Amino acid sequence: MKLPDFKTFVLETPLYEVFALQELISSKDIDALYHYLQSLKNINYPIDIFCTECQKDSTFRQSNNFVLRFNGPNYVSSGENDIFMVELSCTRNQSHHLYFIFRVFNKTISKIGQHHSIADINIEFIKKYKKVLGNDRFKEFSKAIGLVTHGVGIGSFVYLRRIFEGLIFDAYEHIKGEVTIGEFRSKRMEEKIELLKNYLPNFLVENKNLYSILSVGIHSLTENDCLNYFQTVKIGIELILDEKIDELNKKEKMELIKKSLGTITSEIKK
Ligand SMILES: [Zn+2]
Numbered sequence: 033m034k035l036p037d038f039k040t041f042v043l044e045t046p047l048y049e050v051f052a053l054q055e056l057i058s059s060k061d062i063d064a065l066y067h068y069l070q071s072l073k074n075i076n077y078p079i080d081i082f083c084t085e086c087q088k089d090s091t092f093r094q095s096n097n098f099v100l101r102f103n104g105p106n107y108v109s110s111g112e113n114d115i116f117m118v119e120l121s122c123t124r125n126q127s128h129h130l131y132f133i134f135r136v137f138n139k140t141i142s143k144i145g146q147h148h149s150i151a152d153i154n155i156e157f158i159k160k161y162k163k164v165l166g167n168d169r170f171k172e173f174s175k176a177i178g179l180v181t182h183g184v185g186i187g188s189f190v191y192l193r194r195i196f197e198g199l200i201f202d203a204y205e206h207i208k209g210e211v212t213i214g215e216f217r218s219k220r221m222e223e224k225i226e227l228l229k230n231y232l233p234n235f236l237v238e239n240k241n242l243y244s245i246l247s248v249g250i251h252s253l254t255e256n257d258c259l260n261y262f263q264t265v266k267i268g269i270e271l272i273l274d275e276k277i278d279e280l281n282k283k284e285k286m287e288l289i290k291k292s293l294g295t296i297t298s299e300i301k302k
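Going by our numbering, the letters in the sequence shown line up with residues 33 to 302, in that order.
If you want it as structure tokens, here you go:
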């Protein structure tokens, strides 16, 4: 299993998932383990994360790190028994903090604590999609994220797949004069996306093979397949929703300007 970098560890990896450090310990580079642990302890670059307190996308920087348990000078080479916490602060408001606790134990590493939770950060982030998703689909989207942050792959993927398919069927409305619903249903996800290429974000159309996993029967997917594909499908959903929000905002602006132009015209006439 590939070792996650800091951002993947804190924003996507469930608590208690255990990663072996053996490869680094037996690596030719005797400092490999040291460098990896340092890359989790000392974050000298900004990280974009949704701030649940500002209620906005924000940038966080490391403000502190604490060693909670340290087991002697050899820990770096042996990969044994070290617990440390990393604190990040929001650059909009220094009193907004995020905390992450890591445990190095018996040549493995896992994240054993986190505040705010991945689910909180992600669910606050997706709230902006509520107005284009509607209540039911929004609930399913939140559930999917809540489940995946607890390492539940298949369950979360089922929700995500339902939402993705729902959005694809919404887009079908544009071509219903040309393709019957029966024909549309019988097509694979890649073919559906191709048919809808004028009505879906370019990224989705150009990378439609990524979404072919959505045609695979849920029985043939493993827990790990689902966890691995989750982010990709989620980003696909967010892209569709981002476009819907843009369209809605444009429409609202146009209605506003129509109204004020109407008022101006009638004032000029007076
Ligand atoms: Zn903040």
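Using N, Cα and C, we set each Cβ at its ideal position, and we do this for glycine too. Just so it is clear, the structure is predicted and the values come from calculations on it, not from any experiment.
Looking at the structure shown, is Ile75 part of a helix, part of a strand, or coil, going by DSSP? coil
Count Cβ pairs between the stretch 232-246 and the stretch 268-279 that sit closer than 8 Å; are there 3 or more? yes
Look up Phe137 in the DSSP assignment and give the residues it is bridged to. Thr140
For Gly209, is the classification buried or exposed, using 16 other Cβ atoms within 10 angstroms of its Cβ as the cut-off for buried? exposed
Compute the distance between the beta-carbons of Val265 and Phe170, then report whether it is under 7 Å. no
With a cut-off of 6 Å, give the chain-ordered residues whose Cβ is closer than this to any heavy atom of ligand 1. Cys83, Glu85, Cys86, Ser90, Cys122, Arg124, Asn125 and His128
Just to confirm, is the Cβ distance from Lys139 to Gln70 under 7 Å? no
Measuring straight from C-alpha to C-alpha, what distance separates Leu280 and Glu205? 17 Å
CA-to-CA distance, Glu156 to Gln87, given in whole angstroms: 7 Å
Other residues of its chain near Val99: CB distance less than 7 Å, five sequence neighbours each side excluded: Phe116
Secondary structure at Tyr107, three-state DSSP: helix, strand or coil? The pLDDT assigned to Tyr107 is 47, lower than 50, so where the model puts this residue is not dependable, and the model offers no usable value.
Give the secondary structure of Ile81 by DSSP, where H, G and I count as helix, E and B as strand, and everything else as coil. strand
Please state whether DSSP places Leu53 in a helix, a strand or coil. coil
Return the first residue and the last residue of the alpha helix (DSSP H) that Cys258 is part of. Glu255 to Lys301
Answer yes or no: do Lys240 and Glu215 have a C-beta to C-beta separation smaller than 7 Å? no
Scan the stretch 177-227 and note each continuous alpha helix (DSSP H) run of 4 residues or more that stays entirely inside, going in chain order. 185-204, 213-218 and 221-227
In terms of DSSP beta bridges, what is Phe116 paired with? Val99 and Phe134
Tell me whether Ser121 sits in a helix, a strand or coil according to DSSP, three-state version. strand
Do Leu65 and Phe51 have their CB atoms nearer than 7 Å? no
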